[in-house]
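Okay, so here's the structure we're looking at.
Number of protein chains: 2
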Amino acid sequence: MGATSTKIGVVDDNGKVLDRAAVPTKGQTNINKFIDSIYDAAKKICAPHGGISSMEGIGVGAPNGNFYTGDIVNAANLPWKNQTVHFADLMSKKFNLRCLVTNDANTAAIGEMEYGAARGMNDFIMVTLGTGVGGGVVCGGKMVYGHDGFAGELGHLIVNRQDGRACGCGRKGCLETYCSATGVARSAKELLDTSKDKSLLRNLTTELTSKDVFDAAMQGDALAQKVFAFTGEILGEALADFIAFTSPEAIVLFGGLCEAGDLLMKPVKESMEKNVLSLWRGKVKLLRSQLPQSDAAIMGAASLIRNASRQ
Amino acid sequence: MGATSTKIGVVDDNGKVLDRAAVPTKGQTNINKFIDSIYDAAKKICAPHGGISSMEGIGVGAPNGNFYTGDIVNAANLPWKNQTVHFADLMSKKFNLRCLVTNDANTAAIGEMEYGAARGMNDFIMVTLGTGVGGGVVCGGKMVYGHDGFAGELGHLIVNRQDGRACGCGRKGCLETYCSATGVARSAKELLDTSKDKSLLRNLTTELTSKDVFDAAMQGDALAQKVFAFTGEILGEALADFIAFTSPEAIVLFGGLCEAGDLLMKPVKESMEKNVLSLWRGKVKLLRSQLPQSDAAIMGAASLIRNASRQ
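In order, the protein sequences belong to chains A and B.
Per my numbering, the very first residue in the first sequence carries number 7; after that it's consecutive.
Per my numbering, the very first residue in the second sequence carries number 7; after that it's consecutive.
What follows is the structure, given as C-alpha cells:
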C-alpha cells in the first residue's frame, strides 16, 4: 500500500506473482469503500486461480502497519492519517481469510528471506532506501517486531548530533535525512549552494531529484559523484553500528536508491568496512535485493503469510 | 569469569545461590589446570547439594564467550588472550555436564529475564555500565546472539563521530569511552583540565576514579555533578537510538556505575525521553537491575541453563 495506489497480486507458493491489479489509495477516506474496491479487484485476479476462497491468506505491507494488532496507525501519507485503522480485521471479515499486516520495510525483509538475497539466513538486516529509509531486522530466523510492533525504525537513528538536518519526525540528524532519495537531492542542493563547482545539475529547470544526481554522476559530473560518495560514507558508518547491534550475516539494501549500483554500493562498502569493529571486518555481506523490483512489494507482502505458516 | 578471579556458585531453580567459591583467573596460563581448580572448588560446594552429578548444567559468563561454539575468543584481559579456548567443551568433559557459555552482558540480560527486573518481558535491552559498556539484546523472548554469537556490542556504537575519544578497540567515539566507569573518570579529568572551576577532585592524591566523582557529587561538588549530567545525556541519546532499533519494553541498566542512582538515572531518563522518536516517548521503561549485586554474576550465569532448558 502506497500513498498513491495499492498494488494487489496473486502469489503462488514459490513467490511467483501470477496476476496483478491496483486500486487508488489517494482520496479513499472511507475505509470500507476502499476495502470493497480491493475486494472487487482481488476477486477478478483470483478467479483464474480458484477464487478468493482458495487463497491461504492476505499479506499486507503498509506504512505504519502493526503486525501484532493488524492496525495501520497514524500513517502520515495515507487518507486516514490521524487515525488507527483496524485494517487486518476489516480485510479478514470481508475476505473470510487470514490477514497479516506489517510495514513495507518488514515485508521487504521477509520477502528477501523467503525468496531473495537472504534465503537461508537467520540473521540479517534489511535497509530500504526510498523516499525515506526503513529497516527490517531479522534475528534467529524471526522478524523483530519489538514490544509494540514498531521495531526497526533504522531511518530514524541519529547520524549527526552536531548540526544534523531537520527530519520530518521533528528531530535532527536522522539517517533518512541523508541516505534516502530525498536526502541525496538535499545533499546535492547543499553542495550546489555552498560551492562554485561546475555541475550539470546547475542546468536543471525542474526540481532536483536523486535521479538527476544519478544521471549527472553517470555522465561524469564530479559534484554529483561527490554526493554519492558522501551518501555512501554516512550509510556505511550507520551500517557499521547496526552490525555491532545484532551481528547479522548480511545487510540487504533495497529501494530506488540502490539503482545507482556501484556508485552507491562501493562507498557504502568501503565506509562500512572502515568503521566496523575489527571483529566483523570483512565478515558481513553487503547485498542488494534479489527480488525483481516491479514485483518486490507484492512478493514481500505475500511472504508474510508463507513465513507465518512456517513458524 | 573476571580477569582477576572466577566466581563459582551452586544455584537452585529459583535463582537462589546456595553456596559460593572463587578461584584465581590471573596467571592461569594452563587451561587444563585452571579447569581442574574450578572442578575442585565446585566439588566442595556441590557436595552438600547432591554432588556435581546432580547438577543440571554449568552456565558460564566470560569475556568474549561465544554461545554457539562455547569458546572464549581473544579475550584481552584473560590469560589466554590471543587464543581461542574451547571452554564449554573442556568443562563439559571434566564435569560430565552440559556447559553453556556467553559473555557477561548476555548472562546479565538472561539473569534479569529469569529472576530480575525483566521478568515476564519478551523484548528488552540490557546495558552493563562497568569498566566498559556491554549490551544484551532480547527480542521475542530470545537472547540475540547474531550470526557469529557476538551480537550486542552496544558499548562500541559510535556516539561522537566529530572528535570522539580514542577507544581500546582502535576506533574513536565509542559509547564506552564516555559512559563506563573509565569514561566518567575521563570526563572528570577533561573538565578539570579545561576549566578553572573549584572542585574537591582537585585535592585527590590518588588516580581519579568514577567512585571519586560520585563521592564528590554527593558532597555537592558542582564539577562532579556536571560530569554525571554529561554522562547521562550521552547515554540517554544512545538509548533513544537503541529503542528505534528493537522497540524494547524496557532498558535495564546494570553495573558499578548504576550505584550512582538518581545522579545518573535522572539525566539518562531526561535525555532518553528528549531524544527518542515521538512514537516511543514516555513508553519505554528505564530500570535498574533487580538482582542482588553480590550474586548477580553467578545468578546470570546459572540462568543460561534454566533459560536453555525452557526453550
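Beta carbons: idealized from backbone N, C-alpha and C, even for Gly.
Nearest-angstrom Cβ-Cβ length linking residue i and residue j, presumed shorter than 8 Å
i, j, result
"L181 (chain A)", "A244 (chain A)", "5 Å"
"L135 (chain B)", "L259 (chain B)", "6 Å"
"F251 (chain A)", "F251 (chain B)", "6 Å"
"M271 (chain A)", "R287 (chain A)", "Incorrect: roughly 18 Å between the Cβ atoms, too far for contact."
"D122 (chain A)", "Q296 (chain A)", "It should be pointed out that residue 122 (chain A) corresponds to Gly in this sequence rather than to Asp. With 8 Å as the limit, G122 (chain A) and Q296 (chain A) qualify as a contact, their Cβ atoms being about 4 Å apart."
"L229 (chain A)", "D218 (chain A)", "Wrong, their Cβ atoms sit about 12 Å apart, outside the cutoff."
"V165 (chain A)", "I249 (chain A)", "The Cβ separation is near 15 Å, so there is no contact."
"L207 (chain A)", "A222 (chain A)", "5 Å"
"V233 (chain A)", "S193 (chain A)", "5 Å"
"D227 (chain B)", "V23 (chain B)", "With a Cβ gap of about 37 Å, D227 (chain B) and V23 (chain B) do not count as contacting."
Proximal residues of chain B, C-beta to C-beta of residue i below 9 Å
i, result
"E255 (chain A)", "G152, H153, D154"
"S284 (chain A)", "C175, G176, R177"
"K275 (chain A)", "What K275 (chain A) touches in chain B: nothing, since even the nearest Cβ is about 18 Å away."
"F236 (chain A)", "Those within 9 Å of F236 (chain A) in chain B number zero; the least Cβ separation is about 14 Å."
Under the three-state DSSP convention, the category residue i falls into
i, result
"P54 (chain B)", "helix"
"C175 (chain B)", "coil"
"A28 (chain A)", "strand"
"T90 (chain B)", "strand"
"K280 (chain B)", "helix"
"L106 (chain B)", "strand"
"A123 (chain B)", "coil"
"A256 (chain B)", "strand"
"R294 (chain A)", "strand"
"F251 (chain B)", "helix"
"S205 (chain B)", "coil"
"L214 (chain B)", "coil"
"M7 (chain B)", "coil"
"S170 (chain A)", "Residue 170 (chain A) is actually Gly in this sequence, not Ser. Of the three classes helix, strand and coil, the one that applies to G170 (chain A) here is coil, per DSSP."
"G71 (chain B)", "strand"
"L135 (chain A)", "strand"
Contacting residues, own chain, Cβ-Cβ under 6 Å from residue i (five flanking each side not counted)
i, result
"G141 (chain B)", "A111, V133, G158, L160"
"G138 (chain B)", "G161, E182, S186"
"A47 (chain B)", "I14, A27, V29"
"A308 (chain B)", "V17, G65"
"G63 (chain B)", "L103, R104, I311"
"G189 (chain B)", "T183"
"D25 (chain A)", "V16, I51"
"G155 (chain A)", "N72, F73, Y74"
"K275 (chain B)", "L292"
Among the options, nearest to residue i - alpha-carbon criterion
i, options, result
"G306 (chain A)", "A:D42, A:D95, A:A115, A:Y74", "A:A115"
"L310 (chain A)", "A:I51, A:V66, A:S11, A:I44", "A:V66"
"N128 (chain B)", "B:G146, B:H55, B:L207", "B:G146"
"Y45 (chain B)", "B:S59, B:E118, B:V282", "B:S59"
"F236 (chain B)", "B:L206, B:T215, B:F251, B:A191", "B:A191"
"G15 (chain B)", "B:I304, B:R171, B:N313", "B:I304"
"P54 (chain B)", "B:A230, B:R316, B:D18", "B:D18"
"I257 (chain A)", "A:C52, A:N109, A:S11, A:M119", "A:M119"
"A68 (chain A)", "A:E62, A:M61, A:K87, A:N313", "A:K87"
"T113 (chain A)", "A:A223, A:R208, A:V144", "A:V144"
"M61 (chain B)", "B:S98, B:N83, B:K204, B:Q299", "B:S98"
"I131 (chain A)", "A:P254, A:K275, A:E196", "A:P254"
"N83 (chain A)", "A:G76, A:G174, A:A314", "A:G174"
"Q231 (chain B)", "B:G262, B:L269, B:G176", "B:L269"
"G33 (chain A)", "A:T75, A:P85, A:V23", "A:P85"
Chain-ordered neighbours of residue i on chain B, where CB pairs are closer than 8 Å
i, result
"V107 (chain A)", "Going along chain B, no residue has its Cβ under 8 Å from V107 (chain A), so there is no contact; the nearest lies around 16 Å."
"I164 (chain A)", "E243, A246, D247, N281"
"Q168 (chain A)", "Q168"
Neighbourhood of residue i by C-beta, 7 Å cutoff - its chain only, sequence neighbours within 5 removed
i, result
"M278 (chain B)", "G242, L245, A246, L292"
"G8 (chain A)", "T31"
"V79 (chain A)", "N70, N72, T90"
"R167 (chain A)", "G179"
"S11 (chain A)", "A28, V29, P30, T31"
Beta-carbon neighbours of residue i, restricted to chain A and to distances below 9 Å
i, result
"R125 (chain B)", "Result: empty, since nearest Cβ-Cβ is about 15 Å, beyond 9 Å."
"K148 (chain B)", "C145, G146, K148"
Chain-ordered chain B contacts of residue i [CB-CB under 7 Å]
i, result
"D129 (chain A)", "G152, H153"
Contacts of residue i in chain A (Cβ-Cβ under 7 Å)
i, result
"E159 (chain B)", "A250, L283"
Cβ shell of residue i (< 8 Å), same chain only, five flanking positions each side left out
i, result
"A172 (chain B)", "K178, T183"
"L96 (chain B)", "I37, N38, I41"
"G57 (chain B)", "K49"
"N313 (chain B)", "I116, M119, E120, M149"
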